[in-house]
Amino acid sequence: MKNVAISCSLLFLLFFGQANAQTYAENGMVVSDHVIASQVGVDILKKGGNAIDAAIATAFALEVTHPEAGNIGGGGFIVFLKANGEVTTFDFREKAPLAASPTMFLGENGKIKDNSNHKGLLAVGVPGTVAGLYQAHQKYGKLPWADLVKPSVELAENGFMMSWGLYNAAVNVTDQDPSEDIMINYFKGANGEIVKPGETWKQPALAKTLKEIQKHGRDGFYKGWVAQEIEDYMKAKGGIITKADLEKYEAVERKPLKGTFNGYDIYSMPPPSSGGVALIEMMNLMEEANISEIEFNSTAYVHLVAEAMRRAFADRAKHLGDPDFNPDMPVDRLLSKDFAKMRYENIDLTKASISDPSKFGHPYDGSSTTHFSVVDKEGNAISLTYTLENSYGVKMGSDKLGFIFNNEMGDFNPVPGETTTGGQIGTDPNMIAPEKRMLSSMTPVIVAKDGKPYLVIGSPGGRTIINTVFQTVLNVLAYDMRVDRAIEAMKIHHQWLPDRILYERNLLSPDTRDALIKMGHTLTPTTNIGVLMGITFDASKKLYTGAADSSSEDGGARGY
Ligand code: DON
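This is the structure in structure tokens:
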């Protein structure tokens, strides 16, 4: 009986998530939005794979287990700290198709037509995930590619147990809108009903696509029958992505951005993500303000943090876009300590500033990005965030391929020249052009101390990502919080426009809110900001500590 009881509780943990409290490991760890995917990564580490290998296997496993955001139909970024202290990044952000144009989403009245930058196949960017994972493997992987894709093939083919979290999401997205074709049958079993919690959910079409990628690597997605089916499906349903788009797609290895904060090195993504620039700008400003002297969650803390966010988001809107199309972005200046000093001096510590769209954010995005963090026993670390943009992306895809396409084109500035108080941005650097990458807010981060990983972290949340990650890094570095506490602690979000502070309901005292309103801030409550997945390393004990955000339904840390 005892054995039965133990295996039941293990099953419960495996298939229904686990509490967010910290998990420890000495050799390696993966923290992701699904415990099965975390375990897939750890199994690869145990077989002698490095952090890159584990990240690739985890990313494919999330396509199967966390299809809301885990993907092969989207794109993302990897920040990789090597055991020797060197850092590199991989950019596999989606690109605009060759037939895209700056005004492709506008109707005759110059306004966005029928939400077409988010809905329907015109919203799909050329996917980058398979190319990015393959490129990272070619350069730094240890185990054979086929071994890394195998667990996801098996999960799709043999199925895995439907959790309550996934079931609830499935009920929400199934049969909502007939134009969202793949969602109609996606979660249904042979009996035509949505697979119930505790039952096995299989994805045979996805298994076939994954097998092709397992066998042919990058070419299994960007050439051959998968590419042909993508083109055929796009043509049949009003999309513009062709085989030529797929064949031309390349992931790019880029130099990371590096900042410092009180002796720690902070590494994150350069453009086409705006995350690294904004994060380092804000960390510099916090260093200038000596933030650890200001009590966490006090009025002064929220004011200063919100003012830093306002400024970083105005800079983001004004300057940032795909570096291949914007060679003159002032990134070095934005990252300099001098710039932070000047910025700090221009903050009134008693009064809110005003966001002026004529001088210089879209409402913040739905949930379909996912982050995971990986460390191995050599000290390699991976911080990977990838996305479909909205929850379940564009909610369309071919039944023959079994995966969902992104709607990332919505991250471009949709109306040239029009920046609104509601947060729509119309500046040049992020205007649509063929083969251009849309600006992202994804902020995968690795903080290092003496060349060793200190904190590996990231989150989904559209534009809130930058601020969620910023505050969590600050919680660990300036406020000495344990990683799980840092993840759960109260977060705010200000993105310049709209000019308001979003705050997590019930976590900011009424007195503090009143004081902030008196300073001129507008406050808006929200339920939850971010779904963080983090790992810290204690060099003296040689111990990894990992935690998944409690807002993740099935997420969890796994280590060994
Ligand atoms: O790349 C970006 O910034 C957005 N597409 C991310 C969207 C997102 O995080 C939605 N999920 N919560």
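With mature numbering (1 follows the signal peptide of the UniProt record, and there is no 0) applied, the sequence shown covers -21 to -1, 1 to 539. Every residue, glycine too, gets a C-beta built ideally from N, C-alpha and C.
Chain-order list of residues whose beta-carbon lies under 6 Å from that of residue i (same chain, five-residue window excluded)
i	result
I270	A457
Y343	Annotation note: pLDDT 39 at Y343 (below 50); position unreliable, coordinate value reported separately. Excluding sequence neighbours, Y343 sits near G441, R442 and T443.
G534	D12 and A527
A287	M261 and L264
F449	L258 and M261
A125	Q193
K521	none
H341	With a pLDDT of 33 at H341, under the threshold of 50, the modelled position of this residue cannot be trusted; read the value that follows with caution. For H341, where only same-chain residues beyond five positions count, the Cβ hits under 6 Å are G402 and Q403.
P250	L299 and P302
K428	Y243
K320	E267
Heavy atom of ligand 1 within 7 Å of residue i beta-carbon
i	result
G440	yes
T406	no
E368	yes
I220	no
D12	no
D390	yes
M248	no
M421	yes
S530	no
residue 563	The chain is shown only over -21 to 539; residue 563 falls outside these bounds and no answer can be derived.
T2	no
E387	yes
I444	yes
S347	yes
Contacting residues, own chain, Cβ-Cβ under 7 Å from residue i (five flanking each side not counted)
i	result
D294	E260 and L313
I23	D32, A33, A36, L122 and L127
P504	Y482 and R484
A148	E47
K415	K74, A75, D301 and F304
Q(-4)	Since pLDDT at Q(-4) reaches only 49, below the 50 mark, its modelled position is unreliable, and the value read off the structure follows with that caveat. Hits under 7 Å: V14 and G535.
Best match in the options for proximity to residue i [C-alpha to C-alpha]
i	options	result
G218	A75, N507 and A125	A75
E47	G538, E532, G401 and R537	E532
Y523	A38, E178, A536 and E87	A536
R197	T153, S334, E229 and N276	E229
I361	A16, G54, G255 and T67	T67
N94	Y433, I496 and D390	D390
G203	L380, S337 and K520	L380
D224	G107, K431 and Y165	G107
A518	I496, P432 and M469	P432
G177	G168, G509, S142 and D429	S142
E387	Q114, G55 and V10	G55
K190	A115, E133, E210 and H473	E133
A16	N359, L511, F351 and M421	F351
S131	A38, P408 and T398	A38
Distance between beta carbons of residue j and residue i, contact taken as under 8 Å
i	j	result
residue 541	V353	Outside the modelled stretch of the chain, which goes from -21 to 539, sits residue 541, for which no answer is possible.
D273	L264	Before going on, a small fix: residue 273 reads as Ile here, not Asp. Not really, about 12 Å apart at Cβ, beyond 8 Å.
L185	A135	5 Å
V426	I245	5 Å
G254	S419	7 Å
M8	I411	Contact flag wrong, Cβ pair sits at about 40 Å.
P413	L145	That pair is no contact at about 37 Å.
P477	T400	6 Å
Beta-carbon contacts of residue i that lie in its chain and below 8 Å, excluding the five residues immediately before and after
i	result
A(-1)	D463 and A526
Y280	I270, I273 and E274
N50	L41, E42, P106, T108, Y365, T366, L367, G372, F382, I383 and N385
A110	F71, R197, F200, Y201, Y228, E229 and A230
V21	G7, M8, V9, A33, R537, G538 and Y539
Task: 4 or more residues per run - each alpha helix (DSSP H) lying fully within the segment 98 to 125 - done: 108 to 119
Task: Within the segment 18 to 106, ranges of the alpha helix (DSSP H) (whole runs, at least 4 residues) - done: 30 to 44
TODO: Could you name each continuous beta strand (DSSP E) segment of 3 residues or more that falls completely within the segment 242 to 289, going from the start of the chain to the end?
DONE: 243 to 247
Task: Every unbroken beta strand (DSSP E) inside the segment 360 to 419 [3 residues or more] - done: 360 to 368
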